[in-house]
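Remarks on the structure that follows.
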Amino acid sequence: TQLLEQSPQFLSIQEGENLTVYCNSSSVFSSLQWYRQEPGEGPVLLVTVVTGGEVKKLKRLTFQFGDARKDSSLHITAAQPGDTGLYLCAGVLGNDYKLSFGAGTTVTVRA
Amino acid sequence: ETGVTQSPTHLIKTRGQQVTLRCSSQSGHNTVSWYQQALGQGPQFIFQYYREEENGRGNFPPRFSGLQFPNYSSELNVNALELDDSALYLCASSLAGRVLPSGTEAFFGQGTRLTVV
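In order, the protein sequences belong to chains A and B. Each position in the first sequence, counted from 1, maps to that position plus 8 in my numbering. Each position in the second sequence, counted from 1, maps to that position plus 141 in my numbering.
Following this line, the structure appears as structure tokens:
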């Protein structure tokens, strides 16, 4: 079983629409990161959140870390075809030494 | 560009063979982690090296082994390859100690696509 559950697994929307991807766990994380991965490439870090309740904005992307540091969400406003990719959340448990990844959400934005 | 390079980019091996994958870390990074990503899944942690010593290991059998060199480059070795070892193998470098500090960024290479036939 995955430590981090992502939903939905797949998301296909029209250009200009909004979307939200969720990352949930029953465990508390000291930090959580969001990555985007394109086919045949490694994941590219988008953001790191470390404080419960934290909200970070990166242009049209808004990231939120839950108050209890067990969950996070990624919201994209006015999606563009360039936003297409696999979105991965990954967390660090306490003083752990590794990133634990969710299974990812495949986002397709149609022109 | 993350500054992390992996070689080769693609590889086809036969079941039972051995394989060595290589990773060159970002300059100044002293920690390297290896991940296995099966098709349609998120990356799974294999192990991490810090200053040439294994710092932690995921749920992978002993036939997965690694090395980190004084220049912080790294190798992943897999013996007795099985069909289920077919995956994208990713390395990530970071500037971290024995514990991954909250918020430390890990930079990933482009991966090596291993196919076992």
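Ideal placement from N, C-alpha and C gives every residue a C-beta, glycine not left out.
Proximity below 9 Å, CB of residue i to CB of residue j
i	j	result
Gly197 of chain B	Ser168 of chain B	no
Leu231 of chain B	Thr245 of chain B	no
Thr161 of chain B	Asn212 of chain B	no
Lys78 of chain A	Ser34 of chain A	yes
Gly112 of chain A	Gln41 of chain A	no
Gly183 of chain B	Leu54 of chain A	no
Gly157 of chain B	Ala221 of chain B	yes
Glu216 of chain B	Val257 of chain B	no
Phe248 of chain B	Ala233 of chain B	yes
Val29 of chain A	Ser108 of chain A	no
Gln72 of chain A	Val117 of chain A	no
Gly61 of chain A	Gly74 of chain A	yes
CB contact check: residue i to chain B, cutoff 9 Å
i	result
Tyr30 of chain A	no
Leu53 of chain A	yes
Asp91 of chain A	no
Asp104 of chain A	yes
Leu69 of chain A	no
Gln72 of chain A	no
Thr56 of chain A	yes
Gly50 of chain A	yes
Gln41 of chain A	yes
Any chain A beta carbon closer than 9 Å to residue i
i	result
Asn171 of chain B	no
Ser227 of chain B	no
Glu246 of chain B	yes
Phe249 of chain B	yes
Arg163 of chain B	no
Gly197 of chain B	yes
Ala237 of chain B	yes
With 16 other Cβ atoms within 10 Å as the buried cut-off, status of residue i
i	result
Gly102 of chain A	exposed
Asp226 of chain B	buried
Thr253 of chain B	buried
Ala86 of chain A	exposed
Phe18 of chain A	exposed
Phe210 of chain B	exposed
Thr56 of chain A	buried
Three-state class that DSSP yields for residue i in the structure shown
i	result
Leu224 of chain B	helix
Gly90 of chain A	helix
Phe73 of chain A	strand
Lys106 of chain A	coil
Gln251 of chain B	coil
Gln41 of chain A	strand
Glu216 of chain B	strand
C-beta neighbour in chain D for residue i, strict 9 Å
i	result
Leu12 of chain A	In the displayed structure, chain D is absent; the protein chains listed are A and B.
For the structure I just gave you, are there three or more beta carbon pairs, one from the segment 187-206 of chain B and one from the segment 53-73 of chain A, closer than 8 Å? No, the segment 187-206 of chain B is not in contact with the segment 53-73 of chain A.
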